[in-house]
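Residue numbers (UniProt numbering): 1 to 121.
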(Lines of atoms letter the chains of each structure in order from A and count residues from 1; the text may use other names and numbers.)
(Lines give C-alpha, C1' and ligand atoms only; values in the text may rest on other atoms or scores of the structure.)
Protein backbone atom coordinates (compact mmCIF):
# COMPACT_ATOMS: atom_id res chain seq x y z
CA UNK A 1 0.00 0.00 0.00
CA UNK A 2 1.39 3.40 -0.88
CA UNK A 3 -1.62 5.47 0.09
CA UNK A 4 -4.55 4.12 2.07
CA UNK A 5 -8.11 4.72 1.00
CA UNK A 6 -9.35 4.12 4.56
CA UNK A 7 -11.87 6.69 5.75
CA UNK A 8 -10.57 6.55 9.32
CA UNK A 9 -7.59 5.33 11.29
CA UNK A 10 -9.83 2.60 12.71
CA UNK A 11 -10.34 1.30 9.15
CA UNK A 12 -6.64 1.52 8.27
CA UNK A 13 -5.61 -1.94 9.61
CA UNK A 14 -8.01 -3.64 7.18
CA UNK A 15 -5.73 -2.59 4.30
CA UNK A 16 -2.47 -3.66 5.96
CA UNK A 17 -0.70 -6.98 5.52
CA UNK A 18 -1.54 -9.18 8.54
CA UNK A 19 2.12 -9.71 9.51
CA UNK A 20 2.58 -5.94 9.90
CA UNK A 21 -0.57 -5.23 11.91
CA UNK A 22 0.94 -5.84 15.36
CA UNK A 23 3.77 -3.37 14.69
CA UNK A 24 1.39 -0.79 13.24
CA UNK A 25 -0.98 -1.23 16.20
CA UNK A 26 1.94 -0.57 18.57
CA UNK A 27 3.02 2.43 16.49
CA UNK A 28 -0.51 3.81 16.67
CA UNK A 29 -0.59 3.28 20.45
CA UNK A 30 2.70 5.19 20.83
CA UNK A 31 1.31 8.09 18.79
CA UNK A 32 -2.00 8.16 20.70
CA UNK A 33 -0.10 8.06 23.99
CA UNK A 34 1.86 11.16 22.97
CA UNK A 35 -0.80 13.13 21.10
CA UNK A 36 -4.13 11.78 22.35
CA UNK A 37 -6.83 10.14 20.24
CA UNK A 38 -8.44 13.50 19.49
CA UNK A 39 -5.34 14.47 17.46
CA UNK A 40 -5.51 11.36 15.27
CA UNK A 41 -6.75 11.48 11.67
CA UNK A 42 -6.08 10.20 8.18
CA UNK A 43 -3.91 12.61 6.19
CA UNK A 44 -1.99 12.00 2.99
CA UNK A 45 -3.50 8.49 2.98
CA UNK A 46 -1.99 7.44 6.31
CA UNK A 47 -2.58 7.79 10.06
CA UNK A 48 -1.31 11.20 11.17
CA UNK A 49 -1.06 13.11 14.45
CA UNK A 50 -0.71 16.70 15.63
CA UNK A 51 -2.02 19.84 14.00
CA UNK A 52 -5.17 19.05 11.97
CA UNK A 53 -4.08 21.34 9.13
CA UNK A 54 -0.47 20.15 8.99
CA UNK A 55 0.19 16.91 10.92
CA UNK A 56 3.53 16.60 12.67
CA UNK A 57 3.99 12.85 12.43
CA UNK A 58 2.50 9.96 10.46
CA UNK A 59 3.14 6.31 9.64
CA UNK A 60 2.32 3.90 6.87
CA UNK A 61 2.83 0.41 5.53
CA UNK A 62 4.73 0.72 2.26
CA UNK A 63 5.54 -2.06 -0.21
CA UNK A 64 8.67 -3.21 1.58
CA UNK A 65 8.73 -1.10 4.74
CA UNK A 66 6.92 0.20 7.75
CA UNK A 67 7.58 3.94 7.54
CA UNK A 68 7.45 6.64 10.21
CA UNK A 69 7.34 10.19 8.87
CA UNK A 70 9.01 12.08 11.71
CA UNK A 71 10.89 14.82 9.86
CA UNK A 72 14.54 15.54 9.19
CA UNK A 73 15.11 17.07 12.63
CA UNK A 74 14.14 13.82 14.35
CA UNK A 75 16.37 11.82 12.01
CA UNK A 76 19.32 14.10 12.75
CA UNK A 77 18.63 13.91 16.49
CA UNK A 78 18.16 10.12 16.72
CA UNK A 79 19.91 8.81 13.59
CA UNK A 80 22.81 7.18 15.42
CA UNK A 81 20.33 5.10 17.46
CA UNK A 82 18.20 3.91 14.54
CA UNK A 83 19.78 0.47 14.26
CA UNK A 84 17.95 -1.77 11.80
CA UNK A 85 16.28 1.16 10.05
CA UNK A 86 17.03 3.14 6.93
CA UNK A 87 16.27 6.82 6.63
CA UNK A 88 15.02 8.90 3.75
CA UNK A 89 14.00 12.51 3.42
CA UNK A 90 12.13 12.91 6.69
CA UNK A 91 11.17 9.26 7.08
CA UNK A 92 12.45 6.27 9.01
CA UNK A 93 11.89 2.85 7.41
CA UNK A 94 12.00 -0.65 8.84
CA UNK A 95 12.08 -3.60 6.46
CA UNK A 96 11.42 -5.99 9.34
CA UNK A 97 8.77 -4.91 11.87
CA UNK A 98 10.51 -6.98 14.56
CA UNK A 99 13.51 -4.63 14.26
CA UNK A 100 11.43 -1.67 15.46
CA UNK A 101 12.57 -0.29 18.84
CA UNK A 102 9.32 1.04 20.29
CA UNK A 103 11.00 2.70 23.28
CA UNK A 104 13.11 4.74 20.85
CA UNK A 105 10.09 5.38 18.62
CA UNK A 106 8.23 6.76 21.65
CA UNK A 107 11.16 9.13 22.28
CA UNK A 108 11.07 10.25 18.65
CA UNK A 109 7.31 10.86 18.76
CA UNK A 110 7.63 12.89 21.98
CA UNK A 111 10.51 14.87 20.43
CA UNK A 112 8.44 15.70 17.35
CA UNK A 113 5.51 16.78 19.54
CA UNK A 114 7.70 18.93 21.80
CA UNK A 115 9.35 20.65 18.84
CA UNK A 116 6.21 20.83 16.70
CA UNK A 117 8.40 19.66 13.84
CA UNK A 118 6.45 18.27 10.92
CA UNK A 119 7.50 15.10 9.22
CA UNK A 120 4.46 15.18 6.96
CA UNK A 121 4.95 18.40 5.02
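Glycine is no exception: its CB is placed at the ideal position from the N, C-alpha and C atoms.
Given the structure is predicted, the values throughout are model-derived calculations rather than measurements.
Any idea what DSSP makes of residue 29, helix, strand or coil? Helix, per DSSP.
How long is the line joining the alpha carbons of residue 9 and residue 70, rounded to whole angstroms? 18 Å
Can you name the start and end residues of the alpha helix (DSSP H) that residue 126 belongs to? The chain is shown only over 1 to 121; residue 126 falls outside these bounds and no answer can be derived.
Give the range of the beta strand (DSSP E) segment to which residue 40 is assigned. 40 to 43
Give the single residue among 47, 33 and 37 whose Cα lies nearest to the Cα of residue 14. Distances from the CA of residue 14 to each of 47, 33 and 37 were compared; the closest alpha carbon is that of 47.
Could you tell me the distance, in whole angstroms, from the CA atom of residue 50 to the CA atom of residue 111? 12 Å
List the whole-angstrom C-beta distance separating residue 23 from residue 100, where the pair is believed to meet the contact cut-off of C-beta under 8 Å. Under the criterion of beta carbons closer than 8 Å, residue 23 and residue 100 qualify as touching, at roughly 6 Å.
Quick check: the Cα distance between residue 97 and residue 12, rounded to an integer number of angstroms? 17 Å
Compute the Euclidean distance between the alpha carbons of residue 64 and residue 4, then round it to the nearest angstrom. 15 Å
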